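Have a look at the structure below, then the notes.
Residue numbers (our numbering): 4 to 104.
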């Protein structure tokens, strides 16, 4: 039996398979509650990048929103998106961990 992490789409296809290769964290950035970007170290050939967003504020008590994250080459971008008409929402300060598997 394999050990690791598998993520599946609704149709049953595998989206992420972290059972074969061991993941390696490369670092993290703090968003300071604002849109931004960062240049990341290159990923070894044949490996895939991953990220994990962790809130640095109490999300259960507040109406904070986490940023969306995207990659373009070795650049990681994050952006907050929510309706400004909904009173009380704000861009939550988060830490984004990144690495490869």
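The C-beta atom is built at its ideal place from N, Cα and C for all residues, glycine as well.
It should be emphasised that the depicted structure is a prediction, and the values quoted were computed from it without experimental measurement.
- When the five nearest sequence neighbours on each side are left out, the beta carbons in the same chain lying within less than 7 Å of the beta carbon of residue 83 are those of 38, 68, 70 and 94, in order along the chain.
- Per the coordinates, the alpha-carbon of residue 63 lies some 17 Å from the alpha-carbon of residue 85.
- Relative to residue 78, the option among 96, 49 and 54 whose CA is nearest is 54.
- Distance from the Cα of residue 74 is smallest, within the candidate group 99, 13 and 14, for 99.
- Assignment of residue 85 by DSSP, reduced to helix, strand and coil, places it in the coil class.
- Exclusion of the five residues before and after residue 9 leaves 17, 19, 20, 21 and 22 as the residues of its chain whose Cβ lies within less than 8 Å of its Cβ.
- Cα atoms of residue 52 and residue 103: separation of roughly 4 Å, rounded to the nearest angstrom.
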